[in-house]
Amino acid sequence: MTPTDTRNPIVVMTERIGRAVVAGVEEIGLGAMMVIESFYWLIFGRREKQAVRFGAIAEQCMAIGIQAVPIIALLAATIGMMLAIQGIHTLRIFGAESRVTIGISFSVVREFAPLITGIVIAGRSGSALAARIGTMKINQEVDALYVMGINPVRFLVVPSLVAMLIMLPALTLFSDFVGLFFAGVYVNLDLGISLAAYADETIELLSVDDLMHGLGKSVIFSFLIAVIGVVNGASVQGGAEGVGKATTRAVVQSISAIIVTDMLFAFVVTR
Amino acid sequence: MSDTDNTAPDADGHRNVIEVRDLVTHYGDRMILKGISMDVRADEIMVIMGGSGSGKSTLLRHLMALEHHTSGTMRILGQDIDELSGVELVELRQKLGVAFQGGALFSSMTVGENVMLPLFEHTKLDRKTMEIMTRMKLQVVELGGFENLMPSELSGGMIKRAAFARAIVMDPKILFCDEPSAGLDPVVASQLDDLILLLRDALGMTVVVVTHELESAFKIADRITVLDRGHILFIGTPDELRASDNQRIQNLLNRVAEDDAMDADTYLNRLTGETPAYRPL
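So the protein lines, in turn, are chains R and G. Take 411 as the starting number for the first sequence in this note's numbering and just add one per residue. Take 118 as the starting number for the second sequence in this note's numbering and just add one per residue.
The following block contains the structure:
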C-alpha cells in the first residue's frame with residue numbers, strides 16, 4: 411500500500427485479491443498456450459520451415475537427465491534405505507518385520523521415486539529454465555531470435571519440454587531400481603533376507619499398474635516443471651533481481667504443484 | 118529481381134524500403150507514437166534521434182516488426198506487415214538484420230556459433246560453408262580469429278561488432294542498429310561509425326540507426342529523423358537539421374534540457390503522491 415492510499419482496507423484487500431486472481435489466470439493461460447504452441451511446432455514445424463532440431467532436444471536431455479543421474483541415484487538410495495529402516499522399525503512392533511518388502515515396494519514405485527525425482531528436477535532444471543529464459547529476455551536475446559525469424563517457443567521451449575517428457579519418466583524408472591536395490595541391501599543386512607529372495611518378492615508384489623502409476627505421475631510432473639519454468643522466465647521484468655525472483659518463484663511453484671498433483675493423482679487413481 | 122525493386126518509386130523518384138503511415142502505438146493505455154509517417158529510402162543511412170521518452174526505441178521495435186501497432190500502416194520492402202502470414206513474416210525477417218544495443222549475443226554459444234545461427238536455421242548450407250561464411254563476416258567487423266571465444270570474454274566494443282557480424286551474416290537488405298555507440302569510448306564509437314558506413318557502401322545495405330549521439334549521427338547520416346514526444350519533429354539531411362530554427366531541435370542539438378510546464382496543483386500532487394492513480398474511491 412502506498413503511504414497516500416487512504417482507501418477502505420477492505421477495498422484495497424479485495425482489489426489485491428482480484429489482481430492476484432487475474433494474474434494467476436493469465437499465467438495459467440500463458441502456460442496452456444505454450445504447451446499448445448510447443449506441440450504445434452513439433453508437428454507442423456517442418457511445414458513452417460522451422461523444424462524442431464533433434465540436436466537441441468539431445469542437448470537438453472543431457473542437461474536435464476544424464477547430468478542429474480548422480481544426485482538422483484544418491485537421493486533414491488537414501489530414500490530406499492530410509493524406508494527400509496522406518497518400515498522395519500514400525501513392523502517390529504507387531505513382529506512382522508519380514509513383511510517390510512510390501513511397504514518398500516509400493517512406497518518406492520508408486521510414491522517416493524516419482525516424487526523425489528520430480529522435486530530434484532524442479533529444483534535443478536525448472537529453475538535453470540526460468541533463469542535461462544528470463545536472462546535471455548532481459549538481454550534482448552528473445553527479441554534477437556524473433557528478428558532472426560526464429561520462433562522462441564520452437565527454439566527454447568520445445569527442446570526443454572520434450573527432453574523433460576523423456577527424461578523425467580526415465581529418471582523415475584532409474585530411481586525405482588536404485589531405491590528398491592538399496593532398500594534390499596539394508597533389508598539384507600538387518601533381517602538377513604537374501605537379495606535374491608527380496609528381489610523375487612518385490613517382482614511378485616509389483617504389477618505393471620504400480621509401475622505405470624509412478625511413471626504416469628512423472629509425465630504430469632514433466633509438464634508442470636517445464637511450463638512453470640517457462641512462464642516464470644517469460645514473465646521476468648527488470649534486471650538481474652527480476653531473474654532471481656522468477657527463478658525462486660519457479661522452484662516454489664513447481665514443487666508445490668508437484669506435491670498437490672501427487673495427492674490429487676493418488677486420490678483419483680487409487681479410489 | 119532485388120527486393121528493393123518490389124517497391125514503387127515515390128513522387129520524388131526515390132525507392133522506399135520502409136514506408137510508415139499514420140503509425141499509432143500504445144503501451145497499455147499510454148499512447149507512445151502519435152501518428153508517425155516516414156520513409157526510409159533504399160541504400161541510405163537514416164538516423165532516428167530524440168530525447169528520452171521520445172519514442173525512438175518504440176519506433177525501432179515497430180520497424181523491426183517486433184510489436185503490434187494500434188493503427189496505421191507499415192510497409193517493409195514493399196510488403197504490408199499486417200497482411201503477412203507467419204511464414205511470410207519469417208521470410209521477411211531473414212532480409213532484416215538487427216544489431217541490438219547490448220549485442221544480445223547468446224551467452225551459451227561461442228561468437229562463431231552466434232554468427233552462424235541464422236545460417237544454421239534458415240539455409241541448407243553444409244557446416245564447412247557456414248563456418249567459412251561466419252569467418253568472412255567476422256573479418257568484415259575485424260573479429261577474425263575470435264570465433265571460438267564466448268561473449269563473456271569480449272570487450273563492449275567487440276560484443277557490438279560481433280552483433281554486427283551476426284546481423285549481416287544473411288546479407289540483409291536493411292540493417293537496424295540500436296544505439297551502436299552507447300557505452301563505448303569515443304575511439305571505439307568512431308570505429309563503429311566507420312563500420313556502419315563500410316557496410317552501407319560495400320554491401321549495399323539500407324541502414325536505420327537509433328542513437329542519441331549527435332557526433333555519430335552527423336558523421337553517418339544521409340537523413341535524420343527527430344522524434345519528440347511521439348511526433349516527428351523533423352526529417353531531413355544533417356545540414357538541414359543544423360539550419361533548423363525550431364527551438365526544440367536547437368535545444369536537442371545544443372544539449373539544453375527542457376522542463377515540462379507544470380501548474381502548481383500538479384506539482385503539489387506530484388510531491389504529495391496524490392496522482393490520479395491513487396485518488397481515493
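All C-beta atoms, glycine included, are put in the ideal place defined by N, C-alpha and C. Since the model is a prediction, treat every value here as computed from it, not as a measurement.
- Taking the CA atoms as reference points, R/L525 sits about 14 angstroms from R/D620.
- Rounded to the nearest whole angstrom, the C-alpha separation of R/I531 and R/G594 is 25 angstroms.
- Scanning the region 186-243 of chain G from its first residue to its last, the whole alpha helix (DSSP H) runs of 4-plus residues come out as 203-210 and 228-239.
- Residue range R147 to R158 is occupied by the beta strand (DSSP E) that includes G/K151.
- Excluding residues up to 5 positions away in sequence, A487, G490 and M491 lie with their Cβ nearer than 6 angstroms to the Cβ of R/F592 in the same chain.
- Fully enclosed beta strand (DSSP E) runs of no fewer than 3 residues occupy 291-295 and 323-327 of the region 271-344 of chain G, in order along the chain.
- Per the coordinates, the alpha-carbon of G/R132 lies some 14 angstroms from the alpha-carbon of G/G321.
- R/Q663 is classed as buried because its beta carbon has at least 16 other beta carbons within 10 Å across all chains shown.
- Two segments are said to touch when three or more pairs of C-beta atoms, one from each, lie closer than 8 angstroms; by this definition the region 220-233 of chain G does not touch the region 569-581 of chain R.
- One finds nothing in chain G with a Cβ atom closer than 8 angstroms to the Cβ of R/Q470; even the nearest lies about 12 angstroms away.
- The way I'd put it, the region 334-349 of chain G doesn't touch the region 253-271 of chain G; fewer than three beta-carbon pairs between them come closer than 8 angstroms.
- Using beta-carbon distances, G/F217 counts as an interface residue toward chain R, with a partner under 8 angstroms.
- Going by DSSP, G/V141 is part of the beta strand (DSSP E) stretching over N133 to Y144.
- Contact with chain R is found for G/M181, since one of that chain's Cβ atoms lies less than 8 angstroms from the residue's Cβ.
- Neighbours of R/I560 in chain G, taken as residues at a C-beta separation under 7 angstroms, are given in chain order as E238.
- Per DSSP, reduced to three states, the secondary structure at G/L183 is coil, with no helix or strand assignment.
- When Cβ-Cβ separations below 8 angstroms define contact, G/P297 makes no contact with chain R.
- G/S298 sits buried, since 16 or more C-beta atoms from the chains shown fall within 10 Å of its C-beta.
- R/N561 has its alpha-carbon roughly 14 angstroms from the corresponding atom of R/V640.
- Contacts between G/A221 and chain R, judged by CB atoms closer than 7 angstroms, involve N549, Q550, E551, D553 and A554 in chain order.
- At a cut-off of 8 angstroms between beta carbons, G/L292 makes no contact with chain R.
- The three-state reading of DSSP puts R/M622 in helix, counting H, G and I together.
- R/G441 sits in a helix when the DSSP states are folded into three classes.
- When C-alpha distances from G/K212 are compared across G/I198, G/L194, G/L222 and G/F223, the shortest belongs to G/L194.
- Between G/I366 and the set G/D382, G/H348 and G/I249, the nearest pair of CA atoms involves G/H348.
- For G/R346 and G/T323, the gap between their C-alpha atoms comes out near 26 angstroms.
- Beta-bridge analysis with DSSP links G/G353 to G/I341.
- For R/L616, the closest alpha carbon among the candidates R/V661, R/G513, R/V552 and R/V563 is that of R/G513.
- G/G167: member of the beta strand (DSSP E) spanning I162 to G167, first to last residue.
- From the beta-carbon of G/R210, the residues of chain R found nearer than 8 angstroms are Y556, V557, M558 and G559.
- By the Cβ criterion, the region 666-673 of chain R is in contact with the region 628-635 of chain R, since at least three pairs of Cβ atoms, one from each stretch, lie closer than 8 angstroms.
- When DSSP reads this structure, G/H348 sits in a beta bridge with G/D345.
- Counting C-beta pairs with one atom in each stretch, the region 550-561 of chain R and the region 600-613 of chain R have fewer than three that are closer than 8 angstroms, which means they do not touch.
- Residue state for R/I420 is assigned as helix, using DSSP reduced to three classes.
- Taking C-beta separations shorter than 7 angstroms and ignoring five residues to either side along the sequence, the partners of R/V679 in its chain run H623, following chain order.
- Listed in chain order, the non-local C-beta contacts of G/E264 below 7 angstroms within the same chain comprise T227, V228, G229, T251, R252 and L255, local neighbours out to five positions each way being set aside.
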